[in-house]
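Asker: Have a look at the structure that comes next, please.
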Amino acid sequence: TAALAPGLNDPAETGHAAETIASALAAGDLSALVLLQADPLATHPDRGGWLAALERAGLVIAFADFLDEGLAEHADVVFPAEVYAEKEGTVTHPDGRLQRVRQAVKRPGEVRPQALVLAELAARIEGCRNELISTTMVTAAITEAVGIYAGLTLAEIGGRGVRWQDRNPDALPDSGLEPVVPGTPPRRPEGLALGTVRSLWTGRETRHAPALRFLAPHQRAELSVADGERLGVRSGDEVEVGINGTRVRATVALRSGLRPGAVFLIEGTDEHNANVLTNGSPRVVEVRKL
Numbered sequence: 002t003a004a005l006a007p008g009l010n011d012p013a014e015t016g017h018a019a020e021t022i023a024s025a026l027a028a029g030d031l032s033a034l035v036l037l038q039a040d041p042l043a044t045h046p047d048r049g050g051w052l053a054a055l056e057r058a059g060l061v062i063a064f065a066d067f068l069d070e071g072l073a074e075h076a077d078v079v080f081p082a083e084v085y086a087e088k089e090g091t092v093t094h095p096d097g098r099l100q101r102v103r104q105a106v107k108r109p110g111e112v113r114p115q116a117l118v119l120a121e122l123a124a125r126i127e128g129c130r131n132e133l134i135s136t137t138m139v140t141a142a143i144t145e146a147v148g149i150y151a152g153l154t155l156a157e158i159g160g161r162g163v164r165w166q167d168r169n170p171d172a173l174p175d176s177g178l179e180p181v182v183p184g185t186p187p188r189r190p191e192g193l194a195l196g197t198v199r200s201l202w203t204g205r206e207t208r209h210a211p212a213l214r215f216l217a218p219h220q221r222a223e224l225s226v227a228d229g230e231r232l233g234v235r236s237g238d239e240v241e242v243g244i245n246g247t248r249v250r251a252t253v254a255l256r257s258g259l260r261p262g263a264v265f266l267i268e269g270t271d272e273h274n275a276n277v278l279t280n281g282s283p284r285v286v287e288v289r290k291l
C-alpha cells in the first residue's frame, strides 16, 4: 500500500480511534486532550464515559467558536476558533467534486484558520519547523502529496468546481488489498435496536442564535408502524427509551418507510440527548409509553 496517498495507508503505529480516546483518558493511558470545534459531551457516543474521561484528563485544550457545556466545565484553556463564514480553503464532496470555500467574514482578533492550527500543532509534536503559514499553502501541499489532486490549482477549481475523476480517472493507485468477502450477518437481537440520526438543526448555531432557536429539535423516537401498533403508541405520544436504567424522553413519530425492529433517536439535542444511551456498539433498548 506504499503508493496510496497520505491518510489512506495503514499507520506505522496504532493510535487511538475517537471511540477509544475516552477510555484511554479514564484509564490514565492519555493525560492531555485537544478538542478542535468539538464537545464530546454533546456529540459523541457514551456521554458517561466521556464525562469520566474529561474529569480524569490532566489537560484539556479547546479551540471553539462558542463555549458550550463540556468546554465550560472541563477545558483548561480555550482558544477562539473560526466560524464557517470565516473559513477559506476547499472541500471535496462525496461525488469527487472539489469546491472553493471562500471567506465571507473577516476573522476577529487573533482567530486563526483551523488548518494552520493543526499544521503548527503537528509540527510542534513532530519537533520540526512548520512550513505552512497560509491556507493557500495548505492547498498546494495537499495537491502535491495526493495523486488524485496532482497539478490542481485554485484557479482551475474556480467558481464551478471540478471532479478529480474527470481530470485524471487513473490517478487513484491500486491499493494492493485483497477483496473482503462479506461474512454472515450477526443474529438479529430481540427487542428494538437503537439507531441515531443527525439533524441539521442541532448544534452551536441554533443553540446560540436567537433567530434560529425555534429550529432546534426536541428528541424524537422514530418507529415503524408495526412496532407502534405492537407497543400501543401513535405519533405524538410521549415515550421513554432506555437501557440499564438510563432513559431519555422522546415524542413518537411513526414512519411507514421503517422496517420493524429498530427505534431511531436524534443526536445532539440539548435535552434527552441520544448519546447517554449509545456506546459505539449495537444496543437493544426498551421503549415504554408514558
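Residues 2 to 291 in my numbering are what the sequence shown lists, from first letter to last. Just so it is clear, CB atoms sit at the ideal spot from N, CA and C, and this is done for glycine as well.
1) In whole angstroms, give me the CA-to-CA distance for threonine 2 and valine 249.
2) Quick check on DSSP: helix, strand or coil for valine 147?
3) Evaluate the contact criterion for the stretch 187-201 versus the stretch 267-280: three or more CB pairs, one atom per stretch, below 8 Å.
4) Report the residue from Gly237, Pro170 and Leu255 whose alpha carbon sits nearest the alpha carbon of aspartate 228.
5) Please confirm whether phenylalanine 265 and glutamate 223 have their CB atoms less than 7 Å apart.
6) Which whole-angstrom value is the C-beta distance of alanine 58 and alanine 86, which I expect to be below 8 Å?
7) When we look at the beta-carbon of proline 186 and count the other beta-carbons within 10 Å, is it buried (16 or more) or exposed?
8) Rounded to the nearest angstrom, how far is the Cβ of glutamate 239 from that of threonine 247, given a contact under 8 Å?
9) Would you mind working out which of Gly90, Gly162, Thr207 and Gly16 sits nearest methionine 138, comparing C-alpha positions?
10) First and last residue of the beta strand (DSSP E) that includes threonine 91?
11) Any contact of the stretch 203-216 with the stretch 165-172, i.e. 3+ C-beta pairs under 8 Å?
12) Looking at the structure shown, is glutamine 100 part of a helix, part of a strand, or coil, going by DSSP?
13) Between which two residues does the beta strand (DSSP E) carrying proline 81 extend?
14) Are the CB atoms of alanine 27 and alanine 54 within a distance shorter than 7 Å?
15) By Cβ distance, which residues of its chain are closer than 7 Å to valine 226, with the 5 residues on each side in sequence left out?
16) Straight-line CA distance for isoleucine 134 to aspartate 40?
17) Take alanine 151 and list the residues in its own chain whose beta-carbon comes closer than 8 Å to its own, dropping the five residues that flank it on each side.
18) Output the residue ranges of the alpha helix (DSSP H) runs that lie fully inside the stretch 125-209 and measure 4 residues or longer, sorted by chain position.
19) Straight-line CA distance for valine 147 to glycine 97?
20) Return the CA-CA distance between threonine 15 and glutamate 127, expressed in angstroms with no decimal places.
21) What did DSSP end up calling threonine 21 once you bin it into helix, strand or coil?
22) Does alanine 159 pass the burial test, meaning 16 or more other C-beta atoms within 10 Å, or should it be called exposed?
Answerer: Answer, in terms of the structure:
1) With a pLDDT of only 41 at threonine 2, under 50, the local geometry of the prediction cannot be trusted, and no value is derived from it.
2) Reduced to three states, the DSSP call for valine 147 is coil.
3) Contact between the stretch 187-201 and the stretch 267-280 is present, because at least three Cβ pairs lie under 8 Å.
4) Looking only at Gly237, Pro170 and Leu255, the smallest Cα-Cα distance to aspartate 228 is reached by Leu255.
5) Less than 7 Å divides the Cβ of phenylalanine 265 from the Cβ of glutamate 223.
6) That belief does not hold up - the Cβ atoms of alanine 58 and alanine 86 are roughly 31 Å apart, past 8 Å.
7) With fewer than 16 Cβ atoms within 10 Å of its Cβ, proline 186 is classed as exposed.
8) 17 Å between Cβ atoms; not a contact.
9) Checked all of Gly90, Gly162, Thr207 and Gly16; the closest Cα to methionine 138 is Gly90.
10) DSSP places threonine 91 inside the beta strand (DSSP E), whose first and last residues are 90-93.
11) By the Cβ test, the stretch 203-216 is not in contact with the stretch 165-172, since fewer than three Cβ pairs between them sit closer than 8 Å.
12) For glutamine 100, the three-state secondary structure derived from DSSP is strand.
13) Here the beta strand (DSSP E) through proline 81 covers 78-81.
14) Against a cut-off of 7 Å, the Cβ pair of alanine 27 and alanine 54 comes out as a contact.
15) Correct list, in chain order: Leu255 and Ser257.
16) Here the alpha carbon of isoleucine 134 sits roughly 27 Å from the alpha carbon of aspartate 40.
17) If we look at alanine 151 and ignore the five residues flanking it on each side, its Cβ neighbours are Thr144, Glu145, Asn169 and Ala172.
18) Here the runs fully enclosed are 136-146, 155-158, 165-168 and 205-209.
19) Roughly 14 Å separates the two Cα atoms.
20) Roughly 16 Å separates the two Cα atoms.
21) In this structure, threonine 21 counts as helix in the three-state DSSP scheme.
22) Looking at the sequence shown, residue 159 is not alanine but glycine. Here glycine 159 is exposed. Its C-beta has fewer than 16 other C-beta atoms within 10 Å.
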